[in-house]
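Okay, structure first, notes after.
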Amino acid sequence: MKKVSEIMDRREFIRAGGLVGVGAAAAGAAILKDRGELASKDPTGEKTVRNLTAMKNLKTQPSEDDHIRMQRELAAAMSKPVEKRRWIMVIDLRKCVGCQACTIGCVAENKLPPGVVYRPVVQTEIGEFPNVRLNFLPRPCMHCENPSCVPVCPVKATWKRPDGVVVIDYDRCIGCRYCLNACPYGARTSDFGRYYTSNEAQGAPEGKERPIYGSPAPWEGLPSNEYGKSWNRKDHGSPVGNARKCHFCLHRLENGLLPMCVSTCIGRATYFGDSNDTESLVVEKVTRNNVQTLLPHWDNKPKCYYIV
Amino acid sequence: MNSQHSSSDAAQGASGLATQWTKALWLVWILFLLAGIVGVILRLTHGHNAAGYGSYVTWGLWIGVYFLGVGISGGSFILGSLGYLFEIDGFSRPSDLRLAIVLSLAGLLPAFLGVWLDLGRMDRLMNILIHSSFTSMMAFNAWMYNIFLIVAALCWLLSFKQKSSWLKPLLTLGMLFSILFPSQSGVFFEAVRTNEFWRSPLLSMLFFVSAITLGSASLLFVRAAIAPRTASRTDQSHLDSALRVLRAVTVIGLIIYVVFEFAEFSITFWNPGALSPNTDYLLFGGYWPVFWILHIGVGVIAPSILLAMKSRGGWVFASLLATIGFGAARLCVLVPGQVIGQIPGLAQAFQDPRLSYDYHITSMEYLVALMMIAVGMTIFYVGVKLSQLVESRL
Ligand code: SF4
Ligand code: SF4
C-alpha cells in the first residue's frame, strides 16, 4: 500500500483539488440561489386587481347573512393587488355537523376523481357510552405560512403565491409525491388517473346507456377549471399523475365567488376572507374566539384556523 | 510447499465456484427478465393502480430498491477507487478498478428505472434536470447522479490508458460524489422536517455505512463468483487479497450499521415514552418480521457467521444475504416512516384504496423490482464484456 504523499504527483493533486473545489462551489451556489428564490414569481400590482361588480348594488344590511358579508368582503379584497390580500379560512368546529357537504361540493367543483380529496371531514369518537360524542374536523389545505411541502419539490412545481395560497403547476409537476410526504396534514393526494364509473358496466343493464367496460361515463371527462385554466384529463392529460390539493378555489375567487366548501356548508361553520382587512368577518372570528391550528409544533403556521 | 498447494487448490476451487455461480446467474437473469417484462407491461397498461402505494404511503418497494442500487453504486466506486489509488493488494490493477466502476454503474442505472416508473408523469422526467430546484434533495441527487455517471464513465475510459494525469483527479471527484449521494440519500428523508421518524441525523450515517458495506458485499460477490476464471498463481493471490479485504470490510460494515441502529432505537428501551408509533410498528408491530428476520437475521447475523467461516462459497452466499438484508433495511426506513398518519381518522374520512396507511407490496411491484435487478445484471455483463474487449484490443 502506498503512502498518501505517493498517491498523486503535484499536477494530479492540483487537478483533483480543482475539480473537487469547483464541484463543491457549484453545489453551494446552486443551493444558495434557490433558497433565495423561494418567494413566488407570480404577477403582482395593478394587473392583478379585479373590479368585480357582483355585490356592487347590494347595500350592507345590519343583520345580513354571513355569506353575503363574506362575498362583499371578497369583492373588496379582489379590488386590491394580489400582494395586499391574505386569504385565511376559519372553521367553527362547534357548528360543524359532519354532513360532508363541503367535501362533496369540492369534489363536484373541482371534478375530483377517486382517491383525490381536498377537504375530507375527519370524524372521531370521544368517550364511552353514555358519555360519548362525535367530533368533526374538516381538513382543507392549511395554506401554511411556512409550508413544508414547497421546498421539497424538485421541479419548482409548487409555491406560495403573494396572497398566501399554496398552488401547484399541473403542467410542471412530475408526480414524484415528495410533497405528499412532506405535508403533515395529508392535504395532498395524487391523481392516479382513475374514474368512478370505469367499472360500471359490470352488472349494468343492456342497452344504449350501458357504458363500455373500462371507459368512464362522459361526465367524468369534463374539464376542471382549477387555477382558471381548463384541464382535460382525457388521454392522461394533467392533472392525471400530478399532486393535487385545495387551492381555496382560486378560479372562483377570481370571479367573486367564495370557495365551494364555504358556499355549501349547511352549518355556516366555514368562513373565508382576507386577513389584511381588519374589519372582515374572518378577522372578527379569529380575534373574538378561542382559535387553534393543527399540529402547531411543526411550525408550518397554518392559515386555516379552528374555533373550538 | 504447503502454501503453494493450498493456493493452487484455492485457484481451482475459485474457478469451479465461478462456473457454478455463472450458470445459476444466467438462469436467474432470464427468469428475472421475463418476470420483469410482465411487471413493466402491467405498470404501463394499468398505471399505478396495480401498486400498493398511494397518497398516504407514497413510496414503496421501488424506492427501497432505488436506494439499494444507489448504495451499491457509491460503495463499489469508493472501494474500487481507494484500492486503486492506494495500490491496496487485490485492487491495484486497472482491471480491478474497471470492475468496480462497471458494478457502480450497474447499481445506479436500474435505480433510475425504478424512480422513473414510480413517477406520476413519466413523460416529464427531464423536468428534474431542466427546472431543478436545489432546495429539494431530489433535484440535488438527480444532478449528482448524472455528473457522477459522466465522471465514472470517463474514469472507465481513462483506466485503459497507460498513463493519464486525469484519472486520479477524476477518481477523487467521483469519490466525493460517491460519499455524497449515498449519505445524502439519508438526508432525502431527514429533509422531510415534519416526519419525526425520519428526522434523525443518524440516517445519513446509516446510509453511508450501508453504501460501503453494500459496495464491499457486491464486489465480493462479483469477484468471487463471477469475475475470475484464472488459474495463475499471481492472479489467484491477487484475488485472495481482494477477497480478504472485502470480507473484512463487509463484516465491519455490518457491525457498524447495527451499532448505529442500536444507538437510534435503544433510547426507547430506557425511555419507553420515546417509543414513537413508527418505531413501535417497526420493532414490535406489523413490520417486525422485516426488521428482525430479514434485516437482522438474514441480512446481518447469517452473513456475519458465513463470513467468519473459511468457505469461499459461504462468503459469496453471505454477500448475497447482506444485500437482501440491506434491501429490507431500506424498507425499514421507508415504510414505518409513512404508515402512521398525523391526523387520526384521516384514512377513514374519505375511503379509497389509495387513501390508506397500510402498505402491502403487490405482485406488480415485485415484478418491476425484478426487472430492475435484471437490468442491473445486464449492464454489469455488458460492462465486463466491453472492458474485456477493449483490454484484448490494446
Ligand atoms: S397543509 Fe400541507 S399541502 Fe397545504 S400548504 Fe401546508 S404543508 Fe403544504
Ligand atoms: S408531486 Fe409534483 S408538486 Fe409534489 S413535489 Fe413532486 S413534482 Fe413537486
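Chains as they are written, first to last, in this note's numbering: chain A, 1 to 308; chain B, 1001 to 1394.
For every residue, glycine included, the Cβ atom is placed at its ideal position computed from N, Cα and C.
Using beta-carbon positions only, say whether residue i and residue j come within less than 8 Å of one another.
i	j	result
Leu93 (chain A)	Val282 (chain A)	no
Thr1250 (chain B)	Thr1213 (chain B)	yes
Cys176 (chain A)	Pro138 (chain A)	no
Cys246 (chain A)	Pro140 (chain A)	yes
Leu1219 (chain B)	Ala1100 (chain B)	yes
Leu1129 (chain B)	Asn1146 (chain B)	yes
Ile1226 (chain B)	Thr1378 (chain B)	no
Tyr1066 (chain B)	Gly186 (chain A)	no
Gly241 (chain A)	Gly1054 (chain B)	no
Leu1346 (chain B)	Ala1035 (chain B)	no
Gly7 (chain A)	Leu1085 (chain B)	Looking at the sequence itself, residue 7 (chain A) is Ile, so the reference to Gly does not match. Going by C-beta atoms, Ile7 (chain A) is nearer than 8 Å to Leu1085 (chain B).
Phe1350 (chain B)	Val117 (chain A)	yes
Ser1204 (chain B)	Glu1190 (chain B)	yes
Tell me whether residue i counts as near ligand 2, meaning its Cβ is closer than 7 Å to at least one heavy atom of that ligand.
i	result
Val152 (chain A)	yes
Gly155 (chain A)	What sits at residue 155 (chain A) in the sequence shown is Val, not Gly. Val155 (chain A): yes, Cβ under 7 Å from ligand 2.
Arg161 (chain A)	no
Thr278 (chain A)	no
Cys173 (chain A)	yes
Cys99 (chain A)	no
Ile1130 (chain B)	no
Asn1195 (chain B)	no
Ala1329 (chain B)	no
Nearest to residue i by CA position, among the options, is which residue?
i	options	result
Arg85 (chain A)	A:Arg288, A:Asp163 and A:Val20	A:Asp163
Ala1329 (chain B)	B:Gly1313, B:Leu1103 and B:Phe1208	B:Phe1208
Asp274 (chain A)	A:Ile14, A:Ile7, A:Val22 and A:Val82	A:Val82
Ile68 (chain A)	A:Asp9, A:Lys111 and A:Leu257	A:Leu257
Pro1344 (chain B)	B:Leu1334, B:Ser1356, B:Leu1033 and B:Ala1248	B:Ser1356
Pro1277 (chain B)	B:Phe1091, B:Pro1353, B:Gln1338 and B:Tyr1066	B:Gln1338
Thr1279 (chain B)	B:Tyr1359, B:Leu1085, B:Glu1196 and B:Leu1243	B:Glu1196
Phe1188 (chain B)	A:Gly193, A:Leu134, A:Ala25 and A:Cys179	A:Cys179
Leu265 (chain A)	A:Gly98, A:Gly228 and A:Tyr306	In the sequence as presented, Leu is not what sits at residue 265 (chain A); that position holds Cys. Among A:Gly98, A:Gly228 and A:Tyr306, the Cα nearest to that of Cys265 (chain A) is on A:Gly98.
Arg72 (chain A)	A:Glu109, A:Thr287, A:Glu128 and A:Leu58	A:Leu58
Ala385 (chain A)	A:Leu74, A:Val49, A:Asp191 and A:Val121	The question about residue 385 (chain A) has no answer, for chain A in this structure spans 1 to 308.
Might you give, ordered along the chain, the residues of its own chain that have their beta carbon closer than 8 Å to the beta carbon of residue i, omitting 5 neighbours on each side?
i	result
Tyr271 (chain A)	Asp66, Met70, Met89, Val90, Ile91, Asp92, Val262, Leu281, Val282 and Lys285
Ile1324 (chain B)	Leu1294, Val1298 and Gly1299
Ala1322 (chain B)	Thr1213, Leu1214, Ala1217, Thr1250, Leu1254, Gly1299, Val1300 and Pro1303
Cys304 (chain A)	Ile88, Met89, Val90, Ile91, Pro140, Cys141, Met142, His143, Thr293 and Leu294
Trp1116 (chain B)	Met1122 and Leu1125
Ala1308 (chain B)	Val1251
Gln298 (chain A)	Going by the sequence as given, residue 298 (chain A) is Trp instead of Gln. So the list reads Ser148 and Pro184, once near-sequence residues are dropped.
Ser1006 (chain B)	Note that Ser1006 (chain B) has pLDDT 42, beneath the 50 cutoff, so the model's placement of it is unreliable and the number below is only indicative. Hits under 8 Å: none found.
Looking only at its own chain, which residues have a Cβ that is under 7 Å from the Cβ of residue i, when we skip the five neighbours before and after it?
i	result
Ile1256 (chain B)	Val1209
Val20 (chain A)	none
Thr1058 (chain B)	Gln1338
Glu1365 (chain B)	Ala1051, Gly1052, Gly1060, Leu1061 and Trp1062
Leu1119 (chain B)	Leu1125
State buried or exposed for residue i, treating a residue as buried only when at least 16 other CB atoms are found within 10 Å of its CB.
i	result
Asp1123 (chain B)	exposed
Gly28 (chain A)	exposed
Asp1096 (chain B)	buried
Glu279 (chain A)	exposed
His1048 (chain B)	buried
Lys1161 (chain B)	exposed
Val1384 (chain B)	buried
Gly36 (chain A)	exposed
Lys160 (chain A)	buried
Leu1331 (chain B)	buried
Val167 (chain A)	buried
Thr1135 (chain B)	buried
Ile174 (chain A)	buried
Gln1020 (chain B)	exposed
Arg1396 (chain B)	What the structure shows of chain B is the stretch from 1001 to 1394, and residue 1396 (chain B) is not part of that stretch, so it cannot be assessed.
Glu1261 (chain B)	buried
Leu1031 (chain B)	exposed
Asn300 (chain A)	buried
Within a Cβ cutoff of 6 Å, which residues of the same chain sit near residue i, ignoring the five residues on either side of it in sequence?
i	result
Pro296 (chain A)	none
Pro216 (chain A)	Tyr195, Thr197 and Ser198
Pro1110 (chain B)	Gly1069, Met1372, Val1375 and Gly1376
Ala1211 (chain B)	Gly1071, Gly1074, Gly1075 and Pro1182
Asn232 (chain A)	Pro223
Ser1008 (chain B)	The predicted position of Ser1008 (chain B) is uncertain, since its pLDDT is 44 and thus under 50; no value can be drawn from it.
Cβ of residue i versus every heavy atom of ligand 1: is any distance shorter than 7 Å?
i	result
Ser148 (chain A)	yes
Met89 (chain A)	no
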